[in-house]
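2 protein chains.
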Amino acid sequence: MHFVSAYILECKRLHVIVSRRASSEIVTIMPPTSSPTLNDVAKRADVSTATVSRCFNEPDRVVPETRKRVMLAVEELAYTPNFGGRVLASRKTHTVGAIIPTMENAIFARGLQAFEEALANDGFTLLVASTGYNPEREFEQIKKLVARGADGLLLIGWERSKKVFDFLKARSVPTVIAWSTRSAKGWCYSGFNNHQAAQQMAERVIAFGHKRIAMIAGVTKGNDRAADRLSGVIDALRQKRLNPDRLPVVEAQYTLEDGSRAFRELMSRKPAPTAIICGNDVLAAGALSEARRMGLKVPEDVSVTGFDDIDIATVVEPPLTTVHVPHRRMGQAAASILLNRIAGEQNASNAEFETEIVERGSLGPAR
Amino acid sequence: MHFVSAYILECKRLHVIVSRRASSEIVTIMPPTSSPTLNDVAKRADVSTATVSRCFNEPDRVVPETRKRVMLAVEELAYTPNFGGRVLASRKTHTVGAIIPTMENAIFARGLQAFEEALANDGFTLLVASTGYNPEREFEQIKKLVARGADGLLLIGWERSKKVFDFLKARSVPTVIAWSTRSAKGWCYSGFNNHQAAQQMAERVIAFGHKRIAMIAGVTKGNDRAADRLSGVIDALRQKRLNPDRLPVVEAQYTLEDGSRAFRELMSRKPAPTAIICGNDVLAAGALSEARRMGLKVPEDVSVTGFDDIDIATVVEPPLTTVHVPHRRMGQAAASILLNRIAGEQNASNAEFETEIVERGSLGPAR
DNA sequence: TTGTATGCGTTATCAT
DNA sequence: ATGATAACGCATACAA
Chain C
3 MHFVSAYILE CKRLHVIVSR RASSEIVTIM PPTSSPTLND VAKRADVSTA TVSRCFNEPD
63 RVVPETRKRV MLAVEELAYT PNFGGRVLAS RKTHTVGAII PTMENAIFAR GLQAFEEALA
123 NDGFTLLVAS TGYNPEREFE QIKKLVARGA DGLLLIGWER SKKVFDFLKA RSVPTVIAWS
183 TRSAKGWCYS GFNNHQAAQQ MAERVIAFGH KRIAMIAGVT KGNDRAADRL SGVIDALRQK
243 RLNPDRLPVV EAQYTLEDGS RAFRELMSRK PAPTAIICGN DVLAAGALSE ARRMGLKVPE
303 DVSVTGFDDI DIATVVEPPL TTVHVPHRRM GQAAASILLN RIAGEQNASN AEFETEIVER
363 GSLGPAR
Chain Z
3 MHFVSAYILE CKRLHVIVSR RASSEIVTIM PPTSSPTLND VAKRADVSTA TVSRCFNEPD
63 RVVPETRKRV MLAVEELAYT PNFGGRVLAS RKTHTVGAII PTMENAIFAR GLQAFEEALA
123 NDGFTLLVAS TGYNPEREFE QIKKLVARGA DGLLLIGWER SKKVFDFLKA RSVPTVIAWS
183 TRSAKGWCYS GFNNHQAAQQ MAERVIAFGH KRIAMIAGVT KGNDRAADRL SGVIDALRQK
243 RLNPDRLPVV EAQYTLEDGS RAFRELMSRK PAPTAIICGN DVLAAGALSE ARRMGLKVPE
303 DVSVTGFDDI DIATVVEPPL TTVHVPHRRM GQAAASILLN RIAGEQNASN AEFETEIVER
363 GSLGPAR
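And the structure:
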């Protein structure tokens, strides 16, 4: 992305201000406060720690008058229960963790939002960590969240080192796998069939009369969703008697920039493809903007399709023909499955959602 | 959890497949494992708990041979140090929390990513929580993260209830405020001047000859960034001798949809504005796509400007003329400021970044 | 180099 | 209805 860095350099040179004020001016007059504890509250309210604890956990079991006194002390001291102590004593965190490949694009945002809302409904907190599509880093984040006492985990996709699954199993961490229906015995999922969805999209493209088709896929290594979408396209070609060996494929990372680059590369081939199937909407959007830069009309000169149906799909020009994924329902289902698991449910219950193609205009007939 | 079952029922109706396999088929043969503890590892490796602990915290102080034995036991038991216990004993979490309004759009993504990377460099973990732009919910999330032992916090923007600041101060939680330079004594920030940036953008619009200008602002209540951007525009008008009272303003939430709706509303006025300044790129993108639907050319029929310079700005048609914000550097600076604070630095050090206007074509001369 | 013992803040059990 | 007290898992000062 030399465009970006060149730009940033320019900014830097031009005008950053870093100010530093004298400490005397700003320091809050206050001893290096350590957090107030149950004990502090108890003393101040003139009750036992047990009573204070009850005020938080079983408020009904303490008379209103005492409770009021306690809550006042809580306010005054800005007391917050120490999570560590709490977990240590109760063995429950009411927290689940989600580990996603990236927050840099919106692919996971909507599903995660729904996931969080559903969790919040049941009094659970969601903690999110990201991996940058790095498997090692995923394992680290998993360990971190588990160590932090996550009652359960949401992971994206199925493909990861056996080590990770072994760890999860050994620790019996309730886990739900999202964005994919590939799984194995004992692992729950809430997802959709990436292979099938991509296959359907490819069939649609073929139905439009395209023969010279290319694909901008996500990086397939270690990413079953990307791999399935690719293999789905290949299977469609095969079934329609097109030679899949002649499908040009460029694997691209997850930015618009990557999509643009891949598009340029594919279009430089002779003969150029008449349709480009993209592994996700971000790549497709990048492709579209590159098409514009190259002076190519979509879909007149070349068709482009997306996958995911995130916001960006509706706002590009032309709007993307893409695979709609019911992100919110998938996230909600993931939450209910996970919460059931956490509550001790032993049956593996899964949710598989149908996807469907949304035609918006970026796919047209072959010339 | 009737909520869950109701949901699954609804899914079913709609074409979701929910499978439930017999438990015998899937249950991992395993006692209801409770997590292994230091003690378990110690016994298995035939050392004391202190030694095991040291293997994690001061590996040099234990001979390689013992360490190897210990680590083996750790592997075999899939042991992970219990975070709660650890924090309780050491009073340090090496965790910071970030609380952002929403994950649903990319406005905060890039800055946060940089923030996380910088933290990771110093061995810190980032936990992210979101509020849905709800101030009450922000306070809850703050308390949650603090209770969880966050060593520090990143918050977006300045405007929030005094209660929250009091809490933060009472608990001396190191905090950095991002995306804004409005602050007060003792509070650090890493941000930019929203007012000034918006003012500059408005001046640019005026310089293009526009007189009938309108604005799609973010919701200003409780959101200083949105409010500052609005007041910046107003001040520009005033300075250029245009009557700010005749600036039509629609406040919109944060989705593309909201931007579209607001655009339609503004354009239905007689006479219609010739330029619409948007409070952020998402709203601007929504406006652009609505313009297309209404058959309006941008910038020939109406100019549209954005703010933030997130990815979407480059991919819409026409690409957005917008305010570039150095998100990554802002995130990095936020991290170093916060880490300094956590390390005990008492000086309030701030970072203020300049923004600049990127011309991409959505702003043109007035007709 | 390693082990022993104590305390961190909370919950939960048992008394009162 | 409330209080006293024993865990919970770990780090650490101190002892060996």
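Residue numbers (the numbering used here), protein chains in the order written: chain C, 3 to 369; chain Z, 3 to 369. Heads up, the beta-carbon is just placed ideally off N, CA and C, and yes, glycines get one too. Since we're looking at a predicted model, the values are computed, not measured.
Along chain C, which residues have their Cβ under 9 Å away from the Cβ of residue i?
i, result
"Q255 (chain Z)", "The premise fails here: Q255 (chain Z) is roughly 13 Å from chain C at the closest Cβ pair, so nothing lies under 9 Å."
With DSSP as the reference, please indicate the residues paired to residue i in a beta bridge.
i, result
"H326 (chain Z)", "Z:D310, Z:E358"
"S185 (chain C)", "In DSSP, S185 (chain C) forms no bridge with anything."
"I102 (chain C)", "C:S132"
"S192 (chain Z)", "Z:A180, Z:A353"
"A254 (chain C)", "C:G220"
"G154 (chain Z)", "Z:V98"
Starting from residue i, find everything on chain Z with Cβ-Cβ shorter than 8 Å and list it in chain order.
i, result
"N107 (chain C)", "A108, A111, D313"
"L232 (chain C)", "Residues of chain Z passing the Cβ test: none, with the nearest at roughly 23 Å."
For residue i, decide whether its Cβ has a neighbour in chain C, counting only Cβ atoms nearer than 8 Å.
i, result
"F169 (chain Z)", "yes"
"I28 (chain Z)", "Its pLDDT being 27, under 50, I28 (chain Z) is placed unreliably by the model, and the measurement read from it follows with that caveat. Output row for I28 (chain Z): interface = yes."
"S25 (chain Z)", "With a pLDDT of only 28 at S25 (chain Z), under 50, the local geometry of the prediction cannot be trusted, and no value is derived from it."
"G125 (chain Z)", "no"
"R263 (chain Z)", "no"
"M203 (chain Z)", "no"
Contact criterion: CB-CB distance below 8 Å. Does residue i meet it with respect to chain Z?
i, result
"L129 (chain C)", "yes"
"Q115 (chain C)", "yes"
"R362 (chain C)", "no"
"L40 (chain C)", "no"
"L121 (chain C)", "no"
"L365 (chain C)", "no"
"L157 (chain C)", "no"
"L74 (chain C)", "no"
"A44 (chain C)", "no"
For residue i, does the three-state DSSP call read helix, strand or coil?
i, result
"V64 (chain C)", "coil"
"V1 (chain C)", "The requested residue 1 (chain C) is not part of the displayed model; chain C covers only 3 to 369."
"S270 (chain Z)", "coil"
"M296 (chain C)", "coil"
"V49 (chain Z)", "coil"
"K14 (chain Z)", "Reliability of the predicted coordinates at K14 (chain Z) is poor, the pLDDT of 28 falling under 50, and the value obtained from them is presented with this limitation in mind. Three-state DSSP puts K14 (chain Z) in a helix."
"S233 (chain C)", "helix"
"M217 (chain Z)", "strand"
"S163 (chain Z)", "coil"
"V207 (chain C)", "helix"
"V284 (chain C)", "helix"
"A200 (chain Z)", "helix"
"S364 (chain C)", "coil"
"S305 (chain Z)", "strand"
"E138 (chain C)", "helix"
"T316 (chain C)", "helix"
"I109 (chain Z)", "helix"
"L249 (chain C)", "coil"
"L244 (chain C)", "coil"
"A44 (chain Z)", "helix"
"A277 (chain Z)", "strand"
So with CB distances below 8 Å, who are the chain C contacts of residue i?
i, result
"R162 (chain Z)", "The contacting residues do not exist; R162 (chain Z) stays about 15 Å from chain C at best."
Check: Closer than 8 Å, Cβ to any Cβ of chain C: which residues of the segment 293 to 313 of chain Z, in chain order?
Finding: R294, D313
Item checked: chain Z contacts from the segment 315 to 344 of chain C (Cβ-Cβ distance under 7 Å) -> T316, V317, V318, E319, R331, Q334, A335, S338, L341, N342
Next item on the list: Residues of the segment 79 to 90 of chain C with a CB closer than 7 Å to any CB of chain Z: list them in chain order, please.
Entry: A80, T82, P83, N84, F85, G86, G87, V89, L90
Checklist line | Residues of the segment 142 to 155 of chain Z whose Cβ lies closer than 7 Å to any Cβ of chain C, in chain order | finding: K145, K146, V148, A149, R150, G151
Checklist line | Residues, ordered as in the chain, of the segment 267 to 295 of chain C that lie near chain Z by beta-carbon distance below 9 Å | finding: V284, A287, G288, L290, S291, R294
Next item on the list: Pull out every residue of the segment 236 to 252 of chain Z whose Cβ sits closer than 7 Å to any Cβ of chain C, in chain order.
Entry: none
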